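Reviewing the structure listed below.
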Amino acid sequence: MSDAVFPYRSVVVSCQAGMDNPLHGPGPMALMAQAAAAGGAAGIRADGPADVAAISAVVDLPILGINKTGERDGVYITPTFESAAAVVRAGATVVALDGTARPRPGGGSLAGLVARIHDELGVPVMADVDSTDAGRFARAAGADLVGTTLSGYTGAPGSAAGDGPDLALVKALAAELDCPIVAEGRFWTREEVLAGFEAGAHTVVVGTAITNPMAITRRLVEALR
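Using the UniProt record's numbering, the letters of the sequence shown map in sequence onto residues 1 to 225.
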């Protein structure tokens with residue numbers, strides 16, 4: 001099931017914009033997704049039922065749906081079955097969720113959540129992780145794909161924060177796990193995308209560098225200081 005989600009050595013574009021971004025909202029994100037599809041993206045990552053629904057209406061690509069809820073200092077990327085069901089109903093064909101071993105809202109287990117998504121929603125699950133240990137944990141819990149999305153954002157030991165992608169984590173996960181590895185997080189250049197594939201990634205997700213002109217501008221301006 002997981003191998004068919006995205007083609008091997010493909011690029012998925014993350015179309016997300018926070019409330020502080022002028023592009024926030026389903027309309028602008030649907031346009032971003034259309035532009036990404038026209039450029040050759042193999043899929044779209046999108047946040048929340050409204051954005052997923054708007055994108056699925058105009059783009060004929062797999063949609064990796066997430067649903068950011070709850071407190072941002074804990075598990076908040078699709079933390080519950082209800083949050084997963086909402087994006088699947090809206091058109092998501094894959095669900096991404098926090099795949100770390102951190103306590104989940106309501107005290108449920110990751111394995112229980114993954115099993116319920118498989119059984120009741122019938123879609124593959126991608127686990128966003130921050131370390132090799134978390135990758136092992138998520139795969140053992142039944143995740144179909146494992147992504148490096150959370151590297152550098154949780155404070156986990158060995159979770160490398162920096163300006164570029166965590167290629168070491170991509171390589172470690174690819175060497176250990178028997179599932180597709182999705183390289184995601186801080187990919188800015190063609191060279192970094194190619195390096196992600198060379199490290200063993202099945203798919204690379206690029207977000208900010210494509211769909212967040214506010215952050216791109218800030219990055220360029222700050223380079224002058």
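Every residue, glycine too, gets a C-beta built ideally from N, C-alpha and C.
This one's a predicted model, so the numbers in the text were calculated from it and none came from an experiment.
The C-alpha of Ala30 is placed about 24 Å away from the C-alpha of Ala127.
Three or more Cβ pairs closer than 8 Å define a contact, and the stretch 133-147 falls short of that threshold against the stretch 189-197. Under DSSP, no beta-bridge partner is assigned to Met32. Gly185 has its alpha-carbon roughly 10 Å from the corresponding atom of Leu167. A contact between stretches requires three or more CB pairs, one per stretch, nearer than 8 Å, and the stretch 77-92 meets this requirement with the stretch 113-127. In this structure the stretch 86-101 lies against the stretch 56-65, because at least three pairs of beta carbons, one per stretch, are closer than 8 Å. In this structure, DSSP gives Ala38 a helical state, which the three-state scheme calls helix. Pairing Ala183 with Val204, the inter-Cα distance amounts to about 5 Å. According to the DSSP assignment, Glu184 belongs to no alpha helix (DSSP H) but to the beta strand (DSSP E) extending over Ile181 to Glu184. With distances taken between CA atoms, Val11 lies nearest to Ile210 out of Ile210, Pro103 and Asp47. Boundaries of the alpha helix (DSSP H) harbouring Thr208: Thr208 to Thr211, taken from the DSSP string. Exclusion of the five residues before and after Pro28 leaves Ala17 as the residues of its chain whose Cβ lies within less than 7 Å of its Cβ. Excluding the 5 residues flanking it on each side, Gly200 has same chain C-beta neighbours closer than 8 Å at Val170, Lys171, Leu173, Ala174, Ala175 and Ile181, in chain order. Beta-bridge partners of Ile63 (DSSP): Ile44. Under DSSP, Ser10 takes part in a beta bridge, and its partners are Thr203. In the three-state DSSP reduction, Met214 falls in the helix class (H, G or I). DSSP places Ala17 in the coil class of the three-state scheme, outside both helix and strand. The residues Ala46, Ile63, Gly65, Val87, Ala90, Gly91 and Ala92, in chain order, have a CB closer than 7 Å to that of Val52 in the same chain once the five nearest residues on each side in sequence are set aside. In the three-state reduction of the DSSP assignment, Val146 falls in the strand class. Using a 10 angstroms sphere on the CB of Met19, the tally of other CB atoms stays under 16, which defines it as exposed.
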